[in-house]
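Chemist:
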Amino acid sequence: MNHTVLLVDDDANVLHGLTRALRHQPFDIFTARSGEEAIDVLKRRRIHVVVADEQMPGITGGDLLAWIAEQFPETTRMVLTGHPTAETAIRAINEGLVYRYFTKPCNPIELAVAIRRALEDLQTDTLTASHDSPT
Amino acid sequence: MSRQSHHHSTGRSSPLEPGGSQAGGAPPLGALNALRESEIHFRTLFESSRDAMLVLGSNGRFSAGNPAARKMFDCKSLEEFASLTPVQLSPERQPDGRPSALAAREWIDRAKKTGACTFEWRHRSTSGTEFDASVQLVRMELDGETQLYATVRDISATKAVQMALRANEQKLRTITESALDAIIMVDSEGRINHWNSAAQTMFGYSADEVLGKDPHAFLAFPARSEAAPRPLANLASSESGADVGRIMELTARRSDGSEIPVEMSVSAVRGDQGLGAVAIIRDVSDRKRLEAAFQQQTAELSQRVRELNCLEQAAEVFEKNDLTPADMIRRLVAFLPFGMRSSEHVAARIVFQGAEFCSEGYQESPVQLTVPLVVDGKRVGSVEVSYMACPAHAADEPFTSRERTLLDQIAARLARAIERRQSYQQVTTLSRELEVILEATGTRLLLVDDTCAVQYADPATQRCYGLLANQKCHRYLCLSSERCTDCPNEYNQESSQPTVSFQRLPAETDRIFQRTIVPIRVEQNRRLFAELLVDVTELKAMETNLNQARKLEAVGQLAAGIAHEINTPTQFIGDNTRFLRDGVRDLEQVMMCVDRLIEAAGNHEQVDSLLQETRKTLDEIDAEYLRAEIPVSLEQTLDGISQIATIVRAMKEFSHPGTKEVQWIDLNRAVANTLTVSRNEWKHVAEVVTEFAPDLPLVPCFPADLNQAVLNILMNAAHAIEAKDAGNGTITVRTRSHRGWVEIQISDTGTGIPENIRSRVFDHFFTTKQVGKGTGQGLTIAHAVVVEKHGGTLDFQTEVGVGTTFLVRLPLQEAAARTLHDTQTAQGD
Chain A
10 MNHTVLLVDD DANVLHGLTR ALRHQPFDIF TARSGEEAID VLKRRRIHVV VADEQMPGIT
70 GGDLLAWIAE QFPETTRMVL TGHPTAETAI RAINEGLVYR YFTKPCNPIE LAVAIRRALE
130 DLQTDTLTAS HDSPT
Chain B
-15 MSRQSHHHST GRSSPLEPGG SQAGGAPPLG ALNALRESEI HFRTLFESSR DAMLVLGSNG
45 RFSAGNPAAR KMFDCKSLEE FASLTPVQLS PERQPDGRPS ALAAREWIDR AKKTGACTFE
105 WRHRSTSGTE FDASVQLVRM ELDGETQLYA TVRDISATKA VQMALRANEQ KLRTITESAL
165 DAIIMVDSEG RINHWNSAAQ TMFGYSADEV LGKDPHAFLA FPARSEAAPR PLANLASSES
225 GADVGRIMEL TARRSDGSEI PVEMSVSAVR GDQGLGAVAI IRDVSDRKRL EAAFQQQTAE
285 LSQRVRELNC LEQAAEVFEK NDLTPADMIR RLVAFLPFGM RSSEHVAARI VFQGAEFCSE
345 GYQESPVQLT VPLVVDGKRV GSVEVSYMAC PAHAADEPFT SRERTLLDQI AARLARAIER
405 RQSYQQVTTL SRELEVILEA TGTRLLLVDD TCAVQYADPA TQRCYGLLAN QKCHRYLCLS
465 SERCTDCPNE YNQESSQPTV SFQRLPAETD RIFQRTIVPI RVEQNRRLFA ELLVDVTELK
525 AMETNLNQAR KLEAVGQLAA GIAHEINTPT QFIGDNTRFL RDGVRDLEQV MMCVDRLIEA
585 AGNHEQVDSL LQETRKTLDE IDAEYLRAEI PVSLEQTLDG ISQIATIVRA MKEFSHPGTK
645 EVQWIDLNRA VANTLTVSRN EWKHVAEVVT EFAPDLPLVP CFPADLNQAV LNILMNAAHA
705 IEAKDAGNGT ITVRTRSHRG WVEIQISDTG TGIPENIRSR VFDHFFTTKQ VGKGTGQGLT
765 IAHAVVVEKH GGTLDFQTEV GVGTTFLVRL PLQEAAARTL HDTQTAQGD
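Okay, here's the thing in structure tokens:
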């Protein structure tokens, strides 16, 4: 089974661009246009890594990541924001327990490397400690 | 009388019978001679007597009468006389009313019985003349016959004198009795022999009580006791004593012991028994009372004059503002004694704050009057007057109530003068300090009256422009001999609000002054204007910088959001561009295949191999994907670039450094720019709906300021929505032109403004937002920009829980904006 990555951003162009940039990476890419849509996806399928924008209408990135950290702690969480503030960064770290914090514009290769490392870490975890995978 | 009695005795021993028969027997010769001699003697007497002598016979008729009798009764002959009876020589009735006949009978009977009687009788002569007479009847026995010998003397003259005397006495009595003055007479012994009723009234003694007494014993003229103890008695020795002809003022004692002041004049009276005296005494207590009252009034009047003099002098001293309190007191204390009744005996002392000020000759005295000196409610000393020597009149009441009042008044006025002096000193000090402050702060102060005449100018202004007292302020403020056309004093007449303007002064053209004119109502009908000119050149420079800084701040506030707005497209533009670069590189392989295919055209074997390679390449590079995505990514990239271009342009237009000129702008575009640059601030909480009027005319305004105002209102709307429910609000922005005005309506679906804070919405630093969220200046600035800078209006309608609509109205007339522009320019934008 391929690894799955969920990109969350309210700007479709950003999602399109990232999808193109990451199309050769060894994981499946899913996108969501809002926090609500992302939660919907997460509930339907296993997602290994979530990359979320911070500022979105409705549920913000911070809220979303905090929710994921609680509901799907095994999903690795990352931030990709165009408006980095100390306040949101602290919240992302403390409540969202994020793996990486990126600011726009970011080089997709760095993002891809981070995602792959996260996926490798996940595999290592799975191998060393046999996790119950949620269904 | 003695003659009569002699006659009487003679008559008794030798009765005569003139013309009558011889009586007795024959007497001896010696005796006869003696008898003849005697007869001649008596006959001579009889004939020559001036009294009427008559003999009344026992028949009741006259038997003899001497010539005096005949003459008295007016009879011609002895015969005629002898025929008459006493009644016939009398009137019908006597003065006492009794019938003469009856009275005569009685007297005759009495004489016959007793031998003699004397009485007064009213006679009437034969000729009818009536007269009073004194009649003496003597009984004679002659020849056994009882006869009456009568002597009649005409006493009418005596009677008349007696009557006159009696009348005189009566008159005198009436006079003395009716006199208002007491009239007292004393005899030569000094005993009272006359005491009229006025004396009785005056002294309380009746005549019976005092007659025969020495008046000095009980009338006791005490005041005279030493000088002339017995004024009435003195007269006994000399008819012209020291007291005669002089009016003496004495004090007499009345029967009840009270004393009355009297005036007495004394005259000597020569009486039968020597020198007596009459005193006329007048009760002068009323006059004395009047005199005393008059004297008192005179004294009071002179005291009043002294008081007024004293007060006037004091007032003069108090009015001199250049005197220190000590100087003032020193002068006051010198003339204070002259305000007192006995200024020659009085000295004054004023104690003020421990220092003593004394008038000449002052020394401590038990007889003194002290009034506290109370300044500003605190006792700071006293005002005293003292008697150095106590005169008699001052023994009982050394100080009159008038004097007390005077001293009270002086003390009170002195206290007020000191208060005034002190506050004057304070004011002087204060104004000196004020001038130092004015100087130090570069502030000019002018006090100008209604006519623009300068009443006061601070030292710096005086140095700069010369002494300006009473000159017109416009002479130097505007270099004009006429009142300035926009003279603030002119339109400030009725207002009590200060007006503020900015101007340069002729002598200091490189400086800008803030001119604040404060109307001051000095008195009911007098107004002054305080013109405060503050050098704000540096402040203005700072303000200009500050304004620029504030605009930059607005941009900075948006900068993060704008960065996000740029970063996001940059992200996908980068992604897409890299994708396109890689895609083109991939396609290059295909193109190379195509080139080789074209070269190998006709060589089937080679073509097949090349076709296979090309297909493989196409497959490898996922040509399908590329062909689908490349145009899309190009579109998206262009879109992103356009986004960036838009926001950069909007930012440039939004934050263009404000020009000082009014610009005619497309308001729709300006509002759209503002929405663009602030997009990141609202896009997560609200959807923005714009309803711009397409036919909006160009609007005269200061674009940078107006953008700032609209931005602030938009931010406020976004925050109101965010506070209510995140992400679901709507901000509706409408523009329209309406009757010479252009309106921008910004409605939000936020919380609304609670009623209790509605009036404070535009107040400086008022905010409902938490610390760090808002500075409380947004709407204040918006209001200042719209109302003050553009002459527009900024109002709002709000409903709690529903939302708020702000309405910006801007005037379209350039004139309005132009006027404002001038004002604003003056204020130094």
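Residue numbers (this note's numbering), protein chains in the order written: chain A, 10 to 144; chain B, -15 to 813.
From the three backbone atoms N, C-alpha and C, an ideal C-beta is built for every residue, glycine too.
1) Which residues mark the beginning and the end of the beta strand (DSSP E) in which Glu300(B) is found?
2) Candidates Glu727(B), Val411(B), Ala766(B) and Leu429(B): which alpha carbon is nearest Val745(B)'s?
3) If you count every other CB in all the chains shown that lies within 10 Å of the CB of Asp134(A), and 16 or more means buried, which is it?
4) Please report whether the beta-carbon of Gln555(B) lies at a distance below 8 Å from any beta-carbon of chain A.
5) Are the C-beta of Gly812(B) and some C-beta of chain A separated by less than 8 Å?
6) Counting only Cβ pairs nearer than 8 Å, list the residues of chain A close to Glu613(B).
7) Nearest-angstrom Cα distance between Trp648(B) and Cys685(B)?
8) Evaluate Ala182(B) with the Cβ neighbour count: other Cβ atoms within 10 Å of its Cβ, from every protein chain shown; 16 or more gives buried, anything less gives exposed.
9) Would you say Asn11(A) reaches chain B, if we count a Cβ-Cβ gap shorter than 8 Å as a contact?
10) Could you please tell me which residues of the segment 42 to 76 of chain A, in chain order, have their CB closer than 8 Å to any CB of chain B?
11) Where does Thr110(B) fall in DSSP's three states?
12) Indicate whether at least one CB of chain B lies closer than 8 Å to the CB of Gly105(A).
13) Whose Cβ in chain B lies nearer than 7 Å to the Cβ of Asp134(A)?
14) Closest Cβ-Cβ distance between Asp37(A) and chain B: below 8 Å?
15) Can you tell me which of the three DSSP states Ala14(A) falls into?
16) Using beta-carbon positions only, say whether His548(B) and Asn664(B) come within less than 8 Å of one another.
17) Using a Cβ-Cβ cut-off of 6 Å (strictly less than) and excluding sequence neighbours within five positions of Thr85(A), which residues of its own chain qualify?
18) Looking at the secondary structure, which residues open and close the beta strand (DSSP E) in which Val355(B) lies?
19) Could you confirm whether any beta carbon from chain A is found closer than 8 Å to the beta carbon of Lys667(B)?
20) Can you list the residues of chain B that Val23(A) reaches, using a CB-CB cut of under 7 Å?
21) Please state whether DSSP places His668(B) in a helix, a strand or coil.
22) Beta carbons nearer than 8 Å to chain A: which residues of the segment 586 to 601 of chain B have them?
23) Have a look at Met576(B) and Leu74(A) and give me their C-alpha separation to the nearest angstrom.
24) Measuring alpha carbon to alpha carbon, tell me which of Ala543(B), Gln590(B) and Ile557(B) ends up nearest Phe638(B).
25) Since Ser118(B) and Thr102(B) should fall inside the 8 Å C-beta cutoff, what is the C-beta to C-beta distance between them, to a whole number of angstroms?
26) Can you look up Ile741(B) in the DSSP assignment and give me helix, strand or coil?
27) Where Glu1(B) and Glu31(B) are concerned, what is the direct C-alpha to C-alpha distance, given to the nearest angstrom?
28) Who pairs with Pro678(B) in a beta bridge, going by DSSP?
29) Taking Cβ-Cβ distances shorter than 7 Å, what residues in chain A pair up with Ser415(B)?
30) Output yes or no for whether 8 Å exceeds the beta carbon distance between Ala36(B) and Val136(B).
31) For Met124(B), which three-state DSSP category applies?
32) My assumption, with CB atoms under 8 Å, is that Leu357(B) sits in contact with Leu391(B). Please give the rounded CB distance.
33) Closer than 8 Å by beta-carbon distance: list the chain A residues that pair up with Arg562(B), in chain order.
34) Based on DSSP bridge pairs, tell me the residues matched to Tyr440(B).
35) How close, in whole Å, do the beta carbons of Ile244(B) and Ser269(B) come, if the pair is a contact with beta carbons under 8 Å?
36) Would you mind working out which of Ala629(B), Ile628(B) and Ala654(B) sits nearest His640(B), comparing C-alpha positions?
Modeler: Considering the structure as presented:
1) Where Glu300(B) is concerned, there is no enclosing beta strand (DSSP E), although the alpha helix (DSSP H) it sits in stretches over Ser269 to Glu303.
2) Ala766(B)
3) Asp134(A) should be labelled exposed.
4) True, the Cβ-Cβ gap to chain A drops below 8 Å.
5) In this prediction, Gly812(B) has a pLDDT of 40, which is less than 50 and means its spatial position is unreliable; nothing more can be read from the coordinates.
6) Per Cβ cutoff of 8 Å: Arg29.
7) For Trp648(B) and Cys685(B), the distance between alpha carbons rounds to 6 Å.
8) buried
9) no
10) Gln64, Met65, Pro66, Gly67 and Thr69
11) coil
12) no
13) What Asp134(A) touches in chain B: nothing, since even the nearest Cβ is about 30 Å away.
14) no
15) Reading the sequence as shown, one finds Val at residue 14(A) and not Ala. Reduced to three states, the DSSP call for Val14(A) is strand.
16) yes
17) Val58, Tyr108 and Ala127
18) Gln352 to Val359
19) yes
20) Thr552, Gln555 and Phe556
21) Under the three-state reduction of DSSP output, His668(B) falls in the coil class, being neither helix nor strand.
22) none
23) Each residue's alpha carbon lies about 48 Å from the other.
24) Ala543(B)
25) Ser118(B) to Thr102(B), Cβ: 7 Å. Contact.
26) helix
27) Since pLDDT at Glu1(B) reaches only 44, below the 50 mark, its modelled position is unreliable, and no value is offered.
28) BP columns for Pro678(B) are empty, so no partner.
29) Simply none; closest approach about 57 Å.
30) yes
31) strand
32) Wrong, their Cβ atoms sit about 11 Å apart, outside the cutoff.
33) Ala30 and Pro117
34) Residue pairing from DSSP places Tyr440(B) in a beta bridge opposite Leu431(B).
35) Between Ser269(B) and Ile244(B) the Cβ distance is about 5 Å, and since that is below 8 Å, they are a contact.
36) Ala654(B)
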